[in-house]
Structure formats: C-alpha cells, structure tokens
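Residue numbers (this note's numbering), protein chains in the order written: chain R, 1 to 275; chain Y, 276 to 627.
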C-alpha cells in the first residue's frame, strides 16, 4: 500500500471509531456534568465542574443497587442454566445417533424464529400458574427459552470440532461415558463454553421486553426496566441520572469483554476449531 | 494375556452391511493384521473388539470370556488410534498415566509406571510437554505408551503408522516388531498397507467388503492366494490376472497358450501370474513392450499380449527393451495360479 493509501485507510478507520465511540463518550461526559451544565447552549464537551453526585444519588436515593443485584443474579443464573443444558444437549446432538437428531436440531432453531411478543402472554400465564409471577426465577426461565436454542447451536459447532477419537480413547482407557465427557471433552470445549456464556450473559443483561411484562415489583426488577421506570416518566427524563445509570450498566460488560475478548471473537469462528 | 475369538460377527449400519459374519481366531500372543482396502470392515471389527461399536449379531470372546455387552472399560484392551487421540490439555506424562488413573492406581505407582514406559519408548525428556509440542513420531510413541502402560490382555492398533512419513514409518515398524517380540502380547493391527501386514504379522486376515477373504501366514497368502481378490491385492506390482479358459489341459486366452498341470476342471478361468514369474526376452509366448520403468534394482516392463491384455514383468536392473518392440515372453509354470471366472474367483487347484 502506498503512503497515501495507508493515510486514507487510517483516516477512514479513525473517523468510524469516532462516530461509533462518540455516543459512549457523550454518555460518560454527561454523567459527570452537574445539572446546571446539562442544557447549556452552546453545549460544552468536557464538564467544567465534574461531579460524581449523580452516581451517589443513584446509589443512595434510588433502588438502583437492588436492580443491579437483580440483573447480576438474573444474568448469572440464566447463563449457568443455559450453559449446563446446552453443553449436554450439544453433546447429545453431536455424539449420539438417534432418529430425528438433525430435525431436532432444526426444530430448536425454529423456536428461536418465533417473535418473542407471541410468547409473552402464554409465558406470563404459565408463570402465574406456577406461582412464579413477579420473581427472578420466572425471568430466568423466560430468558432460557430464547438463549438456549442459540447457545445449543453455538456449542454444537464447537462440539463437532472435538475429535470423536478423543472420547473413544478415554473410553478404552477405562473412563465411563460421563468420565470421558468430564476428563476429555469438557476441557476441549472451554473456549466454546466461555464465548457461549458471554453471549448468553449479554443477552440476559440487556433483555427488556420479558422483564417489562413478567415482573412488576421493584424487588425482582432488573436494571433495564428498573432504570426506565425509575427515571423516565411521562413528564420528565432525569438525564444526568439516566446517563450515570447507563455508565454503571455498561461497565460490567466492558470489563468482562476486555478480559475475554479473545474467546468472544473465537465464538464467531466456531466450527473452524482445530482438534 | 489372552486370545481373541470372533464368531459369526456381523455389523450393520442401517441398510449398509459393514461386516457379514466374520469368523476369526487369534491365538494368545499372536500378532495378527487385519488387511484390506478402505471400507472393508477392518476398522469396524477393531472398534467392536474395543467396545466402541456393538455387533448386530455374533459373538466376541477375549480370553474365553464373551465381551459382547461389556463397555470398553471392562474389556481390558488397549487401543492405539490412527489419529493418536492424545488428550491435548494433558502433558505427555498425564496422557500416559490416564488409563492407570481411571483404574484407581495410586499416584506413586502411576509415576513409576509412566517412568518405566517413558524409558522403554525414549520419551523421558518429553514427559512435561503437551502433545502439540511434539513431532508426529513422538506423538505416535506417546499413543503407544498410553497403551503399554497398563499391560492389557490385547493390544488393538488402528493404522498407527499411516500418519508418519515413509522413513519414520519403516523405523516405527521395526520398533513395533521388536516390541511385540519383547512383550509377547496378543496384538491386532489394522492396516491397508500390505507391506506393514506382510512384514509385521504372524498371520494376516485379508478382508474385502465385510468378508474374510483369507486368514493365513504372510508366506501362504503370497504363495497361495485363496481367491482372485487376495491375488490382486497382495504384492507390488500386482499379480497379473488374465481371463481365458481351460480346455484339454491347456490355458488359452488373450493370445496365450499354456500347458497346465493335469486334473484341472475345464471351462472359463482366470490365470494369475506374479511379475517375478514373467520373463521378457525368452519364452514361448509373445508380447509388445508398452512401458519400461527402471527402479534401480530392477526394471518393471509392461507388455501387451496379442489379445490386448497387459502383463507386468520384473526384468533385471539393466534390461532396456525398446518400446513397441515385440519380444518373446515366458511364464514360469511353477508360478501359475488359476481362479474361477465367477464373481467369487476362488482358487482352482488340480484334483489329486
């Protein structure tokens, strides 16, 4: 590439980064501005008197901490349930021979194609009957319904990349089926499990619709709906608090991403895994 | 240590019959090769012996005990896989120790056994490495070590040398022969490579399309192939198979006319003759030279018979017949084999 070509490439790339990163930067900056600077014209980019007051108010005067705790429990529990089921399910879909195995895999995918709006009311009624209405457990079940098919397909391609000979070798070496799965298959799947867990965690962390319909009490509300109902009313939007809340909602994801980025991108290349 | 018996062993995958009623008896301490082209059922047989596949019908006995319904762990066999199947997340030492660990051998004993096997296979300096840090030959050795560490009743080897380069393969072949000699264990070895089967085994079971073609010593299989398949499969270059008929004590076909031993049934037949029993430049038959391939220690000559069939001959290293030349051609009467012309192609021997 010539110097000019490289320059143009870099300019375009950085312009894109700027466009994409600007709203995020604006979110952080707004969260740090005192109320008086928020609607000043012309707007200034950097806060003149940065303050953490919004964060303090959020944590002390609102149920934000409860919502945050709910979201953590919800996303973690959903991820744990989904990973446990999807790992065993993927193992079955890849390793066992039975009638309708392929159709089953596609059937699972088709359930994912149903618009979630269609499922909300039946799910809600089911939860009421089960006595789970307004609980975190109802949301864990609901999230599992849409996260599991996806996770199953993702893990299935990872599982297909684990050579069958490895398992056979473990069986001949004296392991039981479950022992071979634990000693030999599972360690090969770690990258796949981590990236699938990340996807699932992000899906549950950001879910809004089910949380809105299925949960109607502050004790079980996750961040997405909690922040909305708390800060956005018909008359007023608490912009500074909203931005502070957004920063704190994104933070865990950003931290997790930073640490596990390598695994996440590997998830997109699943199937290209070499045994 | 024990022998292995297969009785009318049959395996179907859906409508596909992988193995149709195999009978085989491997003696204690014997090295037997299962030889055949891909898809002949040899690997399926081995996997059934290991307990990784279950037979549709028939019986498998190891050391006199019927093992049909036993899971692999309880059959007391060890297997070396074509892909080696080393556990990538374990070190060499952990790989070798795994079978012992699964059988509840105490840690100290495990370490001693691993050290002993590592010594035997010259793996001691590599014990802390992971499989991906090893060369193909070293990985192969680790796979062997994992099988050897346990002293099982039977060793099963599934094309263990096929992923090695030619030189290393010859070397490992010699090591395996020596190992079998030293251990005296029953070994069943699957291969599609006739050279491996011929050089290593006490006996060879030749399989084709799920059926046993012949089960005998390498010498007997080479000298007296039981049918046309074995005749064509064993030996390089392959045995010449010429269609014709037997009449009045002579074989005629493709322009050949040969006297035969008395007592052969008349009718259509296939004549088999190995390239080393065909001489170019002298003899009662004639052939036109088509291809000359000098290999250094000999020259392979392919000649066309008057009837159009091609005949391969081994000629001396310096022989250089001109292409297109019509030369006399001789077939050694002691090197002639006759097979039925039907699909089975069974060997025809003179009635005594």
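Every residue, glycine too, gets a C-beta built ideally from N, C-alpha and C.
Along the region 311-329 of chain Y, what residues have a CB closer than 9 Å to any CB found in chain R? 322, 325, 326 and 327
Should residue 302 of chain Y and residue 331 of chain Y be called a contact, given that it needs their Cβ atoms to be closer than 8 Å? no
Measure from the alpha carbon of residue 253 of chain Y to the alpha carbon of each residue in Y:306, Y:373 and Y:414, then state which is nearest. An answer regarding residue 253 of chain Y cannot be provided, because it is not within the stretch 276 to 627 covered by chain Y.
Hey, residue 520 of chain Y and residue 527 of chain Y are a contact pair by Cβ (cut 8 Å); roughly how many whole angstroms apart? Rounded, the Cβ-Cβ distance is 6 Å, consistent with contact.
Are the C-beta of residue 608 of chain Y and some C-beta of chain R separated by less than 8 Å? no
Can you find at least 3 beta carbon pairs, one from the region 116-131 of chain R and one from the region 212-226 of chain R, that sit closer than 8 Å? yes
Could you pull the DSSP bridge partners for residue 518 of chain Y from this structure? Y:545
Residue 271 of chain R in three-state terms, based on DSSP: Only weak support exists for where residue 271 of chain R lies, its pLDDT of 40 falling under 50; the value from the coordinates is given anyway. Reduced to three states, the DSSP call for residue 271 of chain R is coil.
Boundaries of the alpha helix (DSSP H) in which residue 211 of chain R is found, first to last residue: 209-214
Along the region 357-369 of chain Y, where does the CB come closer than 9 Å to a CB of chain R? Name the residues. 357, 358, 359, 360, 361, 362, 363, 364 and 365
For residue 166 of chain R, go through chain A and note every residue whose CB falls closer than 7 Å to its CB, in chain order. Any reference to chain A falls outside this structure, whose protein chains are R and Y.
Let me check understanding here. Comparing Cα to Cα, which of Y:505, Y:485 and Y:484 lies closest to residue 492 of chain Y? Nearest of Y:505, Y:485 and Y:484 to residue 492 of chain Y, Cα basis: Y:505.
With a CB to CB cut of under 6 Å and the five nearest residues on each side skipped, what residues in its chain are close to residue 620 of chain Y? Correct list, in chain order: 502, 503 and 614.
Within chain R, the residues that residue 353 of chain Y reaches when beta carbons sit closer than 7 Å: 172
Interface residues of the region 219-249 of chain R facing chain Y [CB-CB below 8 Å]: none
Is residue 348 of chain Y close to chain R, meaning its C-beta is less than 8 Å from at least one C-beta of that chain? Yes, residue 348 of chain Y counts as interfacial toward chain R.
Which residue or residues does DSSP assign as beta-bridge partners of residue 286 of chain Y? Y:294
So residue 175 of chain R contacts chain Y; which residues on that side make the cut at Cβ distance below 7 Å? 348 and 377
Residue 25 of chain R to residue 112 of chain R, Cα distance in whole Å? 34 Å
Does any CB atom of chain Y fall closer than 8 Å to the CB of residue 261 of chain R? Among the CB atoms of chain Y, none fall inside 8 Å of the CB of residue 261 of chain R.
Cut-off 7 Å between Cβ atoms - residues of its own chain near residue 70 of chain R, not counting five sequence neighbours on either side: Once the five neighbours on either side are set aside, the close Cβ partners of residue 70 of chain R are 136, 220, 221 and 222.
With a cut-off of 8 Å, does the C-beta of residue 520 of chain Y fall near any C-beta of chain R? no
Within the same chain, show all residues whose beta-carbon is closer than 8 Å to that of residue 641 of chain Y, passing over the 5 residues directly before and after it, in chain order. Lying before the first or after the last residue shown, residue 641 of chain Y is absent from chain Y, which here runs from 276 to 627.
Per the DSSP calculation, residue 480 of chain Y is bridged to which residue(s)? Y:309 and Y:490
Using the beta-carbon count (16 or more within 10 Å), is residue 46 of chain R buried or exposed? exposed
Flag this pair as yes or no: are the beta carbons of residue 566 of chain Y and residue 577 of chain Y separated by less than 8 Å? Closer than 8 Å, so yes.
On the CB-based measure, 16 or more other CB atoms within 10 Å of its CB, does residue 87 of chain R come out buried or exposed? buried
Determine the DSSP secondary structure at residue 498 of chain Y, reduced to helix, strand or coil. helix
Residues near residue 316 of chain Y in its chain [Cβ-Cβ closer than 6 Å; skip 5 each side]: Only residues of its own chain outside the window of five on either side were considered, and among them 293, 294, 482 and 485 have a CB closer than 6 Å to the CB of residue 316 of chain Y, listed in chain order.
In terms of residue numbering, what span does the alpha helix (DSSP H) encompassing residue 53 of chain R cover? Its alpha helix (DSSP H) spans residues 53-61.
Which residues in chain Y have a C-beta closer than 9 Å to the C-beta of residue 188 of chain R? List them in chain order. 362, 363 and 364
Grab the span of the beta strand (DSSP E) containing residue 556 of chain Y for me, first residue to last. 553-569
Cross-strand partners of residue 83 of chain R (DSSP beta bridge): Residue 83 of chain R pairs with nothing; no bridge assigned.
Starting from residue 27 of chain R, trace the alpha helix (DSSP H) in both directions and tell me its first and last residue. Counted as a single uninterrupted DSSP element, the alpha helix (DSSP H) harbouring residue 27 of chain R occupies residues 3-32.
Any C-beta of chain Y sitting closer than 8 Å to the C-beta of residue 160 of chain R? Cβ-Cβ to chain Y under 8 Å: no for residue 160 of chain R.
Identify the continuous beta strand (DSSP E) that holds residue 532 of chain Y and give its terminal residues. 531-534
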